[in-house]
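Plus 18 on top of the position in the sequence shown (first one is 1) and you've got my numbering.
All residues carry an ideal CB built from backbone N, CA and C; glycine is no exception.
Below is one structure, written out as structure tokens, with a few remarks after it.
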Amino acid sequence: MQKTETILLAPLNWGLGHATRCVPLISGFLNAGHQVLMAGHGASFIFLKKEFPHLTALPLNGYSMRYSLKRNLFFLLLLQMPLFLGAILWEHWKLKKIIRNYAITQVVADNRYGLWNKKVRSVLITHQLFIQLPKSLGFIAPLLHGFTRLLIHRFDECWVPDFEDPELSLSGVLSHGKPLPKNVRFIGPLSRFSNYKFPQNFIFPDLKPNVLILISGPEPFRSCFEKEMEERFAKSRQSVLMVCGKPGEELPENKVLTDQGTLIKVSHLSTPDLCFILKNTPQIISLAGYSTLMDLHALGRQAELIPTPGQTEQEYLVSFHNSKNNPGTR
19 MQKTETILLA PLNWGLGHAT RCVPLISGFL NAGHQVLMAG HGASFIFLKK EFPHLTALPL
79 NGYSMRYSLK RNLFFLLLLQ MPLFLGAILW EHWKLKKIIR NYAITQVVAD NRYGLWNKKV
139 RSVLITHQLF IQLPKSLGFI APLLHGFTRL LIHRFDECWV PDFEDPELSL SGVLSHGKPL
199 PKNVRFIGPL SRFSNYKFPQ NFIFPDLKPN VLILISGPEP FRSCFEKEME ERFAKSRQSV
259 LMVCGKPGEE LPENKVLTDQ GTLIKVSHLS TPDLCFILKN TPQIISLAGY STLMDLHALG
319 RQAELIPTPG QTEQEYLVSF HNSKNNPGTR
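Put into structure tokens, the structure is as follows:
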């Protein structure tokens, strides 16, 4: 008989993707009879609490990085490395109390490198085994990858949400470089839409958009992408639905009339509604986050994928999928 575990699951709060891809894991744990507690903060934590309102949710702050439109993103993150390391130490210390207070037997952390403990089974979820650097900094790649392996080896296992076969890979060299950490286990892409029973209706039954725009990511990039898309479709004759990626803001439907068409903005869509609209909208536009790629793969859809400026991971993913003759990226 399988032992019942008490599992703590905690995603990173950089956009919603780290939380959305944890949905099938949480559902799988619950279906197997395990007890699940969730930990986090910000929009990703709000999303999980809406998806699983019956589960215990523990506040656990993470890495609060600052971003700028005027400075190179990677250099800005590099300058904040001491804060990043401090946050890792803080959450590692905080985890000890959570394990003791809630009798946790297993920890599953999505890109939160401090959430490991020698007394319980600790699992890290990440596809970024080999972080991509700007070409001008390629010479420090061995040092960075060595540091990443050091962090990963703190965990009992590292689950990579991708196919093990490089020919089928969605993440390319991000997770298929060499040498791989010894504790890596490829678990296949993670999407809340995998094996999902597609809904037959939509929250706005009269709305049949020609274009779906998914706004996501950290500020200020999220707001800039939203503004860019508003300007792009200001004179469009199409019906456009923009999902703004703000689950904590219960904003009313906001309809913006363009010259010949309609642009409707909503703060957030539930999983059934987003599944329906993703499956039925002819054109999809989104930033090139890896979780978005996994969702599109699960639904058999393509999209116009736009990399966040200065984010080398997304720039690589767009280039990688273009090289695989995916016409939905640019």
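Cβ neighbours of residue i in the same chain (closer than 6 Å, five flanking residues each side left out)
| i | result |
| --- | --- |
| Glu244 | Ile233 |
| Arg139 | Gln124, Asp174 |
| Val274 | With a pLDDT of only 48 at Val274, under the threshold of 50, the placement of this residue in the model should not be trusted; the figure read from the coordinates follows. Cβ within range, chain order: Leu281. |
| Leu259 | Pro227, Leu230, Ile282 |
| Leu287 | Val261 |
| Ala316 | Ser209, Phe211, Ser212 |
| Leu169 | Tyr131 |
| Ile302 | Leu230, Ala321 |
| Ser257 | Pro227, Asn228, Gly279, Thr280 |
Cα-Cα separation between residue i and residue j, rounded to whole angstroms
| i | j | result |
| --- | --- | --- |
| Thr166 | Gly190 | 17 Å |
| Ser45 | Arg210 | 9 Å |
| His110 | Asn135 | 8 Å |
| Gly263 | Thr74 | 23 Å |
| Lys68 | Val41 | 11 Å |
| Pro197 | Gly328 | 27 Å |
| Glu322 | Arg250 | 14 Å |
| Asn201 | Leu161 | 20 Å |
| Leu133 | Lys215 | 33 Å |
| His171 | His163 | 12 Å |
| Ser254 | Ile106 | 46 Å |
| Asn119 | Leu314 | 39 Å |
| Arg240 | Lys115 | 34 Å |
| Glu246 | Leu103 | 34 Å |
| Gly318 | Leu296 | 10 Å |
| Asn298 | Leu155 | 42 Å |
| Pro265 | Leu225 | 21 Å |
| Phe70 | Asn129 | 21 Å |
| Lys342 | His72 | 42 Å |
| Leu76 | Glu248 | 37 Å |
Same chain, Cβ closer than 8 Å to residue i, five either side skipped, listed in chain order
| i | result |
| --- | --- |
| Lys137 | Ile117 |
| Ser337 | none |
| Ile25 | Phe47, His52, Gln53, Val54, Leu55, Ile122, Thr123, Gln124, Val125, Val126 |
| Phe9 | The structure shown does not extend to residue 9, since the chain is modelled only from 19 to 348, so the question has no answer here. |
| Ser331 | In the sequence under discussion, the amino acid at residue 331 is Glu, which differs from the Ser named in the question. Correct list, in chain order: Gln146, Ile149, Gln150, Leu192, Tyr308. |
| Pro325 | Leu305, Ala306, Gln332, Glu333, Leu335, Val336 |
| Thr310 | Gly35, Leu232, Ser234, Ser304, Ala321, Leu323 |
| Leu292 | Val261 |
| Pro199 | Leu147, Arg167, Ile170, His171, Cys176 |
| Thr22 | Gly51, His52, Gln53 |
| Val141 | Gln124, Val125, Val126, Ala127, Phe173, Asp174, Glu175, Cys176, Trp177 |
| Phe157 | none |
| Pro300 | Asn228, Val229 |
Cut-off 7 Å between Cβ atoms - residues of its own chain near residue i, not counting five sequence neighbours on either side
| i | result |
| --- | --- |
| Gly33 | Ser234, Gly235, Pro236, Gly307 |
| Lys153 | none |
| Asn31 | Gly58, His59, Gly60, Ala61, Ser62, Phe63, Gly80 |
| His194 | Pro184, Ser187 |
| Ala159 | Leu151 |
| Leu78 | Ala28, Ala57, Gly58, His59, Glu109, Lys112 |
Presumed contact (8 Å Cβ cut-off) between residue i and residue j, rounded CB distance
| i | j | result |
| --- | --- | --- |
| Leu113 | Met312 | That pair is no contact at about 27 Å. |
| Ile143 | Pro100 | The pair is not a contact, with the Cβ atoms about 25 Å apart (cut-off 8 Å). |
| Leu43 | Leu66 | Incorrect: roughly 11 Å between the Cβ atoms, too far for contact. |
Cβ of residue i within 8 Å of any chain C Cβ
| i | result |
| --- | --- |
| Leu292 | In the structure shown, chain C cannot be found, because there is only a single protein chain. |
**Report entry** the stretch 30-38 contacting the stretch 51-66, beta-carbon criterion three pairs below 8 Å
**Finding:** Enough Cβ pairs lie closer than 8 Å, so yes.
Query raised in the report: Going along the chain, which unbroken runs of the beta strand (DSSP E) with 3 or more residues stay wholly within the stretch 271-327?
Result: If we require 3 residues or more, the beta strand (DSSP E) runs fully inside the stretch 271-327 come out as 272-275, 280-284, 301-305, 322-324.
Requested in this report: Check whether the stretch 175-194 touches the stretch 279-298, counting contact only when three or more Cβ pairs, one atom from each stretch, lie closer than 8 Å.
Outcome: Between the stretch 175-194 and the stretch 279-298, the count of C-beta pairs closer than 8 Å stays below three; the two stretches do not touch.
Report task. Within the stretch 113-199, note down every full beta strand (DSSP E) run reaching 3 residues or more, in order along the chain. Result -> The qualifying runs are 124-128, 139-143, 175-178.
Query raised in the report: Where are the beta strand (DSSP E) runs, 3 residues long or more, that stay fully inside the stretch 36-79, in chain order?
Result: If we require 3 residues or more, the beta strand (DSSP E) runs fully inside the stretch 36-79 come out as 53-58, 74-77.
Report task. Kindly provide the ranges of any beta strand (DSSP E) runs that are 3 or more residues long and lie completely inside the stretch 227-272, ordered along the chain. Result -> Runs found: 229-232, 257-261.
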